[in-house]
Amino acid sequence: AAEAIRFKGRSLLPAGLRKVEGNFLRGDTILILDLERNELARGIASYTGADLRKIAGCRSDDIEARLGYTYGDVAVHRNDMILLTD
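What follows is the structure, given as structure tokens:
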């Protein structure tokens, strides 16, 4: 997921989530970290932290089956994300 975000300008999909920490609401600004825990980006969450924990690692078309509803296919849309550089 980090490579797709950093080099291809992609949105963060639930399938790319490895771990979700903290309690936050849909619409809150969240940190996006790579596997080494370096801050990669900041973005606006499409789902709550609790919801993202439930759908982490799943395909976007499985979101509604897991949650019973959907707010879209992405955890953080690329238009709602700011990439950070070293």
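Residues in the sequence shown are numbered consecutively from 10, following our numbering. For each residue, glycine too, the CB sits at the ideal point set by N, CA and C.
Helix, strand or coil: which one does DSSP assign to residue i?
i	result
R51	strand
G33	A small fix is needed here, since residue 33 is Phe in this sequence, not Gly. In the structure shown, F33 sits in coil (DSSP, three-state: anything other than H, G, I, E or B).
E45	coil
Please go through the same chain and pick out, in chain order, the residues whose beta-carbon is closer than 8 Å to the beta-carbon of residue i, but skip the five residues on each side of it.
i	result
Y80	R35, S55 and Y56
V29	G58, L61, R62 and A65
E48	L40, I41, L42 and L93
R51	T38, I39, L40, I41, M90, I91 and L93
Here's a check: name, in chain order, each residue in its chain whose Cβ is nearer than 7 Å to the Cβ of residue i, leaving out the five neighbours to either side.
i	result
E73	T79
G18	R87
Going by the DSSP bridge assignment, what does residue i pair with across the sheet?
i	result
L92	A50
V85	L21
Which residue marks the beginning of the alpha helix (DSSP H) containing residue i, and which one marks its end?
i	result
L76	I72 to L76
L61	G58 to I64
The ligand MN and residue i: does the residue's C-beta get closer than 6 Å to at least one heavy atom of that ligand?
i	result
D89	This structure does not include the ligand MN; it has no bound ligands of any sort.
Grab the span of the beta strand (DSSP E) containing residue i for me, first residue to last.
i	result
T38	T38 to L42
Check: Does the segment 66 to 78 touch the segment 33 to 51, meaning 3 or more C-beta pairs lie closer than 8 Å?
Finding: no
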